[in-house]
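Engineer:
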Amino acid sequence: MQKILIDADTGIDDSIAILYALRCPDIRVVGITTGCGNTDAAQAAENTLRLVKMAGVSYPVPVAIGENKPLGGEWEGPVPHIHGKNGVGDVELPPTEQKPLAEHASDFILRQAREQGRDLTIVTLGRMTNLALALEKEPNLPSMVKNVVFMGGTFRHPGNVTPVSEANLFGDPEAADRVFQAGFDLTMVGLDVTMKSRLTSQHLDLLVKYATPGNEEIAAYIRKAMTGRYYPFNRWQNNCLDHCPVHDPSALLYVTDPSLFTTRKARARVECSGQFTRGMVVADFREYPFDAPYLTICVDVDERRAVEKLIAAFTHQETLL
Ligand code: BDR
Ligand code: CA
Numbered sequence: 187m188q189k190i191l192i193d194a195d196t197g198i199d200d201s202i203a204i205l206y207a208l209r210c211p212d213i214r215v216v217g218i219t220t221g222c223g224n225t226d227a228a229q230a231a232e233n234t235l236r237l238v239k240m241a242g243v244s245y246p247v248p249v250a251i252g253e254n255k256p257l258g259g260e261w262e263g264p265v266p267h268i269h270g271k272n273g274v275g276d277v278e279l280p281p282t283e284q285k286p287l288a289e290h291a292s293d294f295i296l297r298q299a300r301e302q303g304r305d306l307t308i309v310t311l312g313r314m315t316n317l318a319l320a321l322e323k324e325p326n327l328p329s330m331v332k333n334v335v336f337m338g339g340t341f342r343h344p345g346n347v348t349p350v351s352e353a354n355l356f357g358d359p360e361a362a363d364r365v366f367q368a369g370f371d372l373t374m375v376g377l378d379v380t381m382k383s384r385l386t387s388q389h390l391d392l393l394v395k396y397a398t399p400g401n402e403e404i405a406a407y408i409r410k411a412m413t414g415r416y417y418p419f420n421r422w423q424n425n426c427l428d429h430c431p432v433h434d435p436s437a438l439l440y441v442t443d444p445s446l447f448t449t450r451k452a453r454a455r456v457e458c459s460g461q462f463t464r465g466m467v468v469a470d471f472r473e474y475p476f477d478a479p480y481l482t483i484c485v486d487v488d489e490r491r492a493v494e495k496l497i498a499a500f501t502h503q504e505t506l507l
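Counted the way the numbering used here counts, the sequence shown spans residues 187 to 507.
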């Protein structure tokens with residue numbers, strides 16, 4: 187059983203990643219923290235609480251709200267053209283009685299690190315602001331947890347915000363660079379792999395058709411959120427005719443099955459300035475590289491197996507055979 191803590195800016199792809207983790211029998215989600223990005227931190231928490239309710243988890247999953255701005259400035263606002271006004275494609279998720287904790291996300295991360303100890307994997311699906319703040323409070327955090335896996339950045343693939351930067355790192359490069367330098371066992375699940383795995387409308391139809399008891403509502407939600415808002419945006423941005431990339435769920439897929447991915451290691455930093463390069467991951471392969479800790483970078487993925495594993499979490503085993 188893997189213990190994970192998720193930090194998310196709960197938009198459409200974050201929600202699928204969260205549902206996957208909550209429905210995965212090998213994973214125990216010890217809590218979910220939120221920050222701004224796809225939507226504001228409070229709305230991200232509200233979406234998360236409703237997802238927890240919909241997932242019907244048999245154990246408590248606390249949710250803590252975090253920062254609503256990046257370390258180095260102000261948040262530029264939500265992206266309703268991608269994730270809808272409410273962050274989850276304007277789909278109305280079932281309401282819940284559960285409230286967010288009074289504790290700040292960064293304090294919750296620290297408390298969980300202390301309580302769960304070296305077993306804990308932290309997975310970030312948005313900007314790394316909350317994790318950077320936790321680090322500021324406890325510089326020993328890297329030695330207190332097992333590892334950190336993040337969706338963000340790009341190595342060889344073009345960026346999705348600038349020619350070289352991915353949205354989560356571009357949104358708070360200062361936070362990301364602090365995390366890169368801290369000494370975590372750190373794995374990047376970036377655009378090199380997330381743009382390769384595609385969720386097609388055929389997959390979504392199979393998901394709904396073969397959803398196992400308890401997953402019907404989840405399957406219907408995923409198809410609605412994807413096709414209503416996310417597909418049209420990806421058609422415009424990525425020429426995706428009838429499919430979309432699998433960003434945030436890929437980080438959870440890495441956690442549950444690293445063998446799906448090919449990785450390489452590099453000393454790397456995040457560019458915090460630069461007119462065209464802010465948010466870029468700079469990996470140093472020189473003979474005498476700069477003195478940064480090694481980062482594990484996912485450079486390739488078995489996309490068919492990855493997408494099948496994602497769908498299999500909600501469906502009968504034989505769905506895609
Ligand atoms: C990342 O940016 C966000 O919009 C998505 O949720 C994902 O985490 C992709 O670049
Ligand atoms: Ca995200």
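Ideal placement from N, C-alpha and C gives every residue a C-beta, glycine not left out.
None of these values were measured; they are calculated from a predicted model.
Within 6 Å: the Cβ of residue 353 and any heavy atom of ligand 1?
Structural biologist: By 1-based counting over the sequence shown, the position of residue 353 is 167. Yes, the Cβ of residue 353 comes within 6 Å of a heavy atom of ligand 1.
Engineer: Nearest to residue 417 by alpha carbon, out of 390, 322, 293, 405?
Structural biologist: Here residue 417 corresponds to residue number 231 of the sequence shown, with the count starting at 1. It is 390.
Engineer: Starting from residue 379 and walking both ways along the alpha helix (DSSP H), at which residues does that stretch end?
Structural biologist: Residue mapping note: residue 379 aligns to position 193 of the sequence shown, counting from 1. Its alpha helix (DSSP H) spans residues 377-380.
Engineer: Identify, in the order they occur along the chain, each residue of the same chain with its Cβ nearer than 6 Å to the Cβ of residue 272, setting aside the five sequence neighbours on each side.
Structural biologist: Along the sequence shown, one-based indexing puts residue 272 at 86. There are no such residues.
Engineer: Does the contact criterion of 3 or more C-beta pairs under 8 Å hold for the segment 381-398 versus the segment 353-368?
Structural biologist: No, the segment 381-398 does not touch the segment 353-368.
Engineer: Using alpha carbons as the reference points, say which of 499, 370, 446, 324 lies closest to residue 402.
Structural biologist: The residue labelled residue 402 in the question sits at position 216 within the sequence shown. The candidate whose alpha carbon is nearest that of residue 402 is 499.
Engineer: According to the Cβ coordinates, are residue 485 and residue 455 closer than 7 Å?
Structural biologist: Here residue 485 corresponds to residue number 299 of the sequence shown, with the count starting at 1. Here residue 455 corresponds to residue number 269 of the sequence shown, with the count starting at 1. Against a cut-off of 7 Å, the Cβ pair of residue 455 and residue 485 comes out as no contact.
Engineer: Could you tell me the alpha carbon to alpha carbon distance between residue 507 and residue 501, rounded to whole angstroms?
Structural biologist: Against the sequence shown, residue 507 aligns to sequence position 321. Against the sequence shown, residue 501 aligns to sequence position 315. Residue placement at residue 507 cannot be trusted, given a pLDDT of 48 that sits under 50; what the coordinates show is reported in the next sentence. Their backbone Cα atoms lie some 12 Å apart in a straight line.
Engineer: My assumption, with CB atoms under 8 Å, is that residue 314 sits in contact with residue 343. Please give the rounded CB distance.
Structural biologist: Translated into positions along the sequence shown, residue 314 becomes position 128. Translated into positions along the sequence shown, residue 343 becomes position 157. In fact, because the Cβ distance is near 20 Å, the residues do not count as touching under 8 Å.
Engineer: Could you say which of 284, 259, 415 lies nearest to residue 246 if we only look at CA atoms?
Structural biologist: Translated into positions along the sequence shown, residue 246 becomes position 60. Cα-wise, what sits closest to residue 246 is 284.
Engineer: Give the single residue among 265, 256, 336 whose Cα lies nearest to the Cα of residue 191.
Structural biologist: Residue mapping note: residue 191 aligns to position 5 of the sequence shown, counting from 1. Looking at the Cα atoms, 336 is the closest of the given residues.
Engineer: Name the residue from 263, 282, 378 whose alpha carbon lies nearest to the alpha carbon of residue 488.
Structural biologist: Working through the sequence shown from its first residue, we reach residue 488 at position 302. It is 378.
Engineer: Consult DSSP for residue 233 and reduce its assignment to one of helix, strand or coil.
Structural biologist: Locating residue 233 in the sequence shown gives position 47, counting from the first residue. DSSP places residue 233 in helix when its eight states are reduced to three.
Engineer: Assuming residue 315 is part of the alpha helix (DSSP H), what are its boundary residues?
Structural biologist: By one-based count along the sequence shown, residue 315 stands at place 129. Residue 315 -> alpha helix (DSSP H) spans 315-323.
Engineer: For the structure I just gave you, are there three or more beta carbon pairs, one from the segment 299-317 and one from the segment 393-412, closer than 8 Å?
Structural biologist: Cβ pair count under 8 Å is below three, so no.
Engineer: State the DSSP-derived secondary structure class of residue 333, mapped to helix, strand or coil.
Structural biologist: As a working note, residue 333 is residue 147 in the sequence shown. Correct three-state label for residue 333: strand.
Engineer: Between residue 317 and ligand 2, is there a pair consisting of the residue's CB and a ligand heavy atom that are separated by less than 6 Å?
Structural biologist: In the sequence shown, residue 317 corresponds to position 131, counting from 1. Flag unset: Cβ of residue 317 not near ligand 2.
Engineer: Pull up the CB-CB distance for residue 287 and residue 240, whole angstroms please, since I reckon it's below 8 Å.
Structural biologist: Position 101 of the sequence shown, counted from the first residue, corresponds to residue 287. Position 54 of the sequence shown, counted from the first residue, corresponds to residue 240. Actually they do not touch by this definition, with Cβ atoms about 20 Å apart.
Engineer: Suppose the cutoff is 8 Å on Cβ atoms and the five residues either side in sequence are ignored; what does the same chain contact list for residue 304 look like?
Structural biologist: One-based indexing of the sequence shown puts residue 304 at position 118. Closer than 8 Å at Cβ, skipping near neighbours: 330, 331, 332.
Engineer: Helix, strand or coil, according to DSSP, for residue 429 in the structure here?
Structural biologist: Within the sequence shown, residue 429 is the residue found at index 243, counting from 1. The answer is strand: DSSP assigns residue 429 an E or B state.
Engineer: Of the choices 261, 244, 251, whose alpha-carbon is the least far from that of residue 194?
Structural biologist: Numbered from 1 along the sequence shown, position 8 holds the residue referred to as residue 194. Measuring from the Cα of residue 194, the nearest candidate turns out to be 251.
Engineer: Do residue 291 and residue 196 have their CB atoms nearer than 7 Å?
Structural biologist: The sequence position of residue 291 within the sequence shown is 105, counting from 1. The sequence position of residue 196 within the sequence shown is 10, counting from 1. No, the Cβ-Cβ distance between residue 291 and residue 196 is not below 7 Å.
Engineer: Below 8 Å, how does it come out for the segment 428-445 and the segment 204-217: are there three or more Cβ pairs, yes or no?
Structural biologist: Yes, since at least three Cβ pairs between the segment 428-445 and the segment 204-217 fall closer than 8 Å, the two stretches touch.
Engineer: Should residue 383 and residue 492 be called a contact, given that it needs their Cβ atoms to be closer than 7 Å?
Structural biologist: Here the question's residue 383 lines up with position 197 in the sequence shown. Here the question's residue 492 lines up with position 306 in the sequence shown. Yes, the Cβ-Cβ distance between residue 383 and residue 492 is below 7 Å.
Engineer: In whole angstroms, give me the CA-to-CA distance for residue 346 and residue 223.
Structural biologist: What you label residue 346 is simply residue 160 of the sequence shown in a count that begins at 1. What you label residue 223 is simply residue 37 of the sequence shown in a count that begins at 1. Each residue's Cα considered, the two are about 14 Å apart.
Engineer: Pull the bridge partners of residue 374 from the DSSP assignment, please.
Structural biologist: Numbered from its first residue, the sequence shown carries residue 374 at position 188. Partner(s): 336, 483.
Engineer: Is it buried or exposed, residue 233, if we count other Cβ atoms within 10 angstroms and call 16 or more buried?
Structural biologist: Walking along the sequence shown from the start, residue 233 turns up at place 47. Buried is the call here.
Engineer: Leaving out five residues before and five after residue 463 in sequence, what residues of the same chain have Cβ atoms less than 8 Å from its Cβ?
Structural biologist: As a first step, residue 463 must be located in the sequence shown, where it is residue number 277. If we look at residue 463 and ignore the five residues flanking it on each side, its Cβ neighbours are 348, 350, 351, 457.
Engineer: Which residues end up in the neighbourhood of ligand 2 when you take C-beta atoms closer than 7 Å to any of its heavy atoms?
Structural biologist: Result: 194, 195, 197, 199, 200, 223, 224, 311, 312, 337, 354, 433, 434.
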